[in-house]
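Undergrad:
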Amino acid sequence: MFRTLKSPLNVQVEVTEECDNCCRHCYNFFRHNDYKCKTMSFSEIDQIVDELSSLQVPKVTITGGEPLVALKESLYLTEELRKRQIGVNLNSNLVSFSKEIGLSFKKIGVTSIMTSLIADVPSLHDWVTQNHGSWLKSTSGIRLAQKMGFRVIVNMVLTKWNFNRLRQTGDLAGSWGVDKFGATRACSPSPIALDFSPNTISTSDLRESIKILYELKEKWGYKVDVLEHYPWCALQDIDKYRYLARRKCSAGVTGATIGVNGQLRPCGHSTMTYGNVFEEGLQKTWSNMEDWRNQEYSKECSGCEYYKLCTGGCPVEAQNSPMGRDHHCSNSKNIIFTSDEKFSLGLSLDTVFQFSPGVMLRKETFGGIMVSGTSGAVLVDKKTFDILCILLEQKSFTISGILDIFKLDSESTEGFISKLFKRKLITERG
Amino acid sequence: MEELSMYEDGMDDSEMASFVECDHDCHTESDHNCYDD
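Top to bottom, those sequences are chains V and H. Using our numbering, read the first sequence as starting at 2 and increasing by one per residue. Using our numbering, read the second sequence as starting at 315 and increasing by one per residue.
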């Protein structure tokens, strides 16, 4: 019915193409080309922030390259986004992280950092990053960021080079008390896809990695994740791995990437461009991505009964593969999936709720979206959108009050409010 | 009696819901979680 939002819900901004590492698996296409890397100017950053703000984009991920290599620009971008209530996530290898840098990011509201650790073994990490001493610098950065109170998420990019170190690397992260540990397959970087593909992990290794992740979760009590969309037929037991299966390919549907030259791409992996944000603006370039909204690049999976929920693996991986599909796609016969049952938290009718800080109601052709930079989101129809606008004006509300004013069904209203509560869009008023 | 309507997975017109409801974009992370992990 509807596949086109007026703007993305999450934009990744590649503030610089420079990086102090040169990872062999890096999905940045520009890191495998022989040209001079660039960094956005302050005026270009201003332009991007204006575009994101005027189109009500709720979340931005600051990435690169390595954002800390362009420290002034990354801090400026973060500060300008936060001034406009836009949620910010920071991806960094933490190689050059210091107390001074940490304080600067803390001051402007950054609370968590996602970073990368290739292995528990320094020599292997340094071989993959092609940066001697990077393991020591990154691990020192992780420990310092933790000490400074940042929520640190450590992700291990899995290839055949480091797969057998997964358990030990997860143990190391656990011994540091990280908040979350991820282990994510490397996809073949577009410019070197054919040469790289022998280094990607097999489907059985992918399944083994998930099993190990959940054992590590049990052992250390941290959260676990994968940072990319895995096809459901690779995960198989969706009931068990519901959390990992939540990641879809959102490229061009809810997400997009702005490169250092202003070119809009569907995601960081893709080399396809859809116009220049600096010249044409975000709305125009975003509207050009109809092929991604139509899932043109995952058609091989379109016959699968889970296609709409799974989205069919990574389309860039499919484009780079001679088979024309994500190499971890197999078939749906072993998928275990039970639809969610009716959801209710059994909330009291007289509990006073308020909208969480930063929640916005964004109008769309079908109704609207309720979302913030730090919460989940819901799509609602026009009538519900109008009611939510009234409740937002009111500042606080109770379920019994809603039932009285709008003459709504009691059970379904409690279920609806429960979902808003679970997605942290509303909170109990203290 | 009328109901508040949220588009969700499994509904006929929910094509966007599974993309929108939770943070799930590749290489992004936040502490928000729609699902029990």
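We put the beta carbon where it would ideally sit given N, CA and C, even for glycine.
Which complete beta strand (DSSP E) runs does the segment 141 to 204 of chain V hold, if anything under 3 residues is left out?
TA: Within the segment 141 to 204 of chain V, the beta strand (DSSP E) runs of at least 3 residues that lie entirely inside it are, in chain order, 152 to 159, 181 to 186.
Undergrad: Spell out the partners DSSP gives V/Val14 in its beta bridges.
TA: By 1-based counting over the first sequence, the position of residue 14 of chain V is 13. BP columns for V/Val14 point to V/Ile63, V/Ile259.
Undergrad: Report yes if the C-beta distance between V/Pro267 and V/His33 is below 8 Å; otherwise report no.
TA: For the purposes of this step, residue 267 of chain V is taken as residue 266 along the first sequence, with counting starting at 1. For the purposes of this step, residue 33 of chain V is taken as residue 32 along the first sequence, with counting starting at 1. No, the Cβ-Cβ distance between V/Pro267 and V/His33 is not below 8 Å.
Undergrad: So what does DSSP say about V/Tyr308, is it helix, strand or coil?
TA: Here residue 308 of chain V refers to the residue found at position 307 when the first sequence is read from its first residue. Looking at V/Tyr308 - three-state DSSP - the assignment turns out to be helix.
Undergrad: Which residues share a DSSP beta bridge with V/Ile427?
TA: Here residue 427 of chain V is taken as the residue at index 426 of the first sequence, counted from 1. Answer by DSSP bridge pairing, in chain order: V/Phe356.
Undergrad: Apart from the five residues on each side of it in sequence, which residues of its chain come closer than 6 Å, Cβ to Cβ, to V/Asn11?
TA: Your numbering for residue 11 of chain V matches position 10 in the first sequence. Answer for V/Asn11: Lys60, Gly256, listed in chain order.
Undergrad: With a CB to CB cut of under 7 Å and the five nearest residues on each side skipped, what residues in its chain are close to H/Met330?
TA: The count along the second sequence starts at 1 and reaches residue 330 of chain H at position 16. Result list for H/Met330: Tyr321, in chain order.
Undergrad: Where does V/Phe398 fall in DSSP's three states?
TA: As a working note, residue 398 of chain V is residue 397 in the first sequence. Strand, per DSSP.
Undergrad: Answer yes or no: do V/Phe344 and V/Lys420 have a C-beta to C-beta separation smaller than 8 Å?
TA: As a position in the first sequence, residue 344 of chain V is number 343, starting the count at 1. As a position in the first sequence, residue 420 of chain V is number 419, starting the count at 1. It is a contact, given that the beta carbons lie within the stated cut-off.
Undergrad: Using the Cα positions of V/Ser54 and V/Phe164, report the straight-line distance between them to the nearest angstrom.
TA: Here the question's residue 54 of chain V lines up with position 53 in the first sequence. Here the question's residue 164 of chain V lines up with position 163 in the first sequence. In a straight line, the C-alpha of V/Ser54 is about 41 Å away from that of V/Phe164.
Undergrad: Using a Cβ-Cβ cut-off of less than 9 Å, give me the residues of the segment 253 to 282 of chain V that come near chain H, in sequence order.
TA: Val254, Thr255, Gly256, Cys268, Gly269, His270
Undergrad: Mind listing, in chain order, the continuous beta strand (DSSP E) runs of no fewer than 3 residues lying wholly within the segment 18 to 58 of chain V?
TA: none
Undergrad: Cβ closer than 7 Å: which chain A residues qualify as neighbours of V/Ala378?
TA: Here chain A cannot be found, since the structure's protein chains are V and H.
Undergrad: With a threshold of 6 Å on Cβ separation, who are the neighbours of V/Asp238 within its own chain once the five nearest residues in sequence on each side are excluded?
TA: As a first step, residue 238 of chain V is located in the first sequence; it is residue number 237 there, counting from the start. Closer than 6 Å at the Cβ level, and outside the excluded window around V/Asp238, lie Ile337.
Undergrad: How would you write the range of the alpha helix (DSSP H) that V/Glu301 sits in, first residue to last?
TA: Numbered from 1 along the first sequence, position 300 holds the residue referred to as residue 301 of chain V. Here V/Glu301 belongs to no alpha helix (DSSP H), and DSSP marks it neither H nor E.
Undergrad: Bridge partners for V/Asn90 per DSSP, in chain order?
TA: Here residue 90 of chain V refers to the residue found at position 89 when the first sequence is read from its first residue. In the DSSP output, where bridge partners are listed per residue, V/Asn90 has V/Thr62.
Undergrad: If contacts are defined as beta-carbon pairs under 8 Å, then V/Glu316 and V/Ser299 qualify, I think. What distance do you get, rounded to the angstrom?
TA: Translated into positions along the first sequence, residue 316 of chain V becomes position 315. Translated into positions along the first sequence, residue 299 of chain V becomes position 298. For clarity, residue 316 of chain V is Pro in the given sequence; the question names Glu instead. At roughly 5 Å, the Cβ-Cβ gap stays under 8 Å, so V/Pro316 and V/Ser299 are in contact.
Undergrad: From V/Arg363 to V/Val227, what distance separates their C-alpha atoms?
TA: Locating residue 363 of chain V in the first sequence gives position 362, where the first residue counts as 1. Locating residue 227 of chain V in the first sequence gives position 226, where the first residue counts as 1. Each residue's Cα considered, the two are about 29 Å apart.
Undergrad: From what residue to what residue does the beta strand (DSSP E) around V/Val129 run?
TA: Counted from its first residue, the first sequence places residue 129 of chain V at position 128. Run containing V/Val129: none in the beta strand (DSSP E); it sits in the alpha helix (DSSP H), 123 to 130.
Undergrad: So with CB distances below 7 Å, who are the chain H contacts of V/Ile1?
TA: Since the first and last residues shown for chain V are 2 and 431, residue 1 of chain V lies out of range.
Undergrad: At a Cβ cut of 7 Å, what residues of the segment 114 to 132 of chain V count as close to chain H, listed as they run along the chain?
TA: Met115
Undergrad: Could you name the residues of the same chain whose beta carbon sits closer than 8 Å to that of V/His107, not counting the 5 residues immediately before and after it, in chain order?
TA: Translated into the one-based positions of the first sequence, residue 107 of chain V becomes position 106. Note on residue identity: the sequence assigns Lys, not His, to residue 107 of chain V. Counting only Cβ-Cβ distances below 8 Å, and skipping sequence neighbours, we find Met149, Gly150, Phe151.
Undergrad: Which residues in chain H sit within 9 Å of V/Val58, going by Cβ to Cβ distance?
TA: Taking the first sequence and counting its residues from 1, one reaches residue 58 of chain V at position 57. Going along chain H, no residue has its Cβ under 9 Å from V/Val58, so there is no contact; the nearest lies around 12 Å.
Undergrad: Is the CB of V/Ser205 under 8 Å away from at least one CB in chain H?
TA: Here residue 205 of chain V is taken as the residue at index 204 of the first sequence, counted from 1. Cβ-Cβ to chain H under 8 Å: no for V/Ser205.
Undergrad: Taking C-beta pairs closer than 9 Å, name the residues in chain H that V/Glu301 reaches, listed in chain order.
TA: Numbered from 1 along the first sequence, position 300 holds the residue referred to as residue 301 of chain V. What V/Glu301 touches in chain H: nothing, since even the nearest Cβ is about 19 Å away.
Undergrad: Span of the beta strand (DSSP E) holding V/Asn102?
TA: On the first sequence, position 101 is the one that residue 102 of chain V refers to. Checking the sequence shown, residue 102 of chain V turns out to be Ile, not Asn. Unbroken run through V/Ile102 is the alpha helix (DSSP H), 100 to 108; no beta strand (DSSP E).
Undergrad: Would you say the segment 364 to 374 of chain V touches the segment 412 to 419 of chain V, given that touching needs at least three Cβ pairs under 8 Å?
TA: no
Undergrad: Any heavy atom of the ligand COA inside 7 Å of the beta-carbon of V/Asn22?
TA: The ligand COA is not among the ligands present in this structure, which contains no ligands whatsoever.
Undergrad: What is the DSSP secondary structure of V/Ile213, reduced to helix, strand or coil?
TA: Against the first sequence, residue 213 of chain V aligns to sequence position 212. Helix, per DSSP.
Undergrad: For chain H, check one thing: does any of its Cβ atoms lie closer than 8 Å to the Cβ of V/Glu415?
TA: Against the first sequence, residue 415 of chain V aligns to sequence position 414. Not closer than 8 Å to any Cβ of chain H, the Cβ of V/Glu415 fails to qualify, so no.
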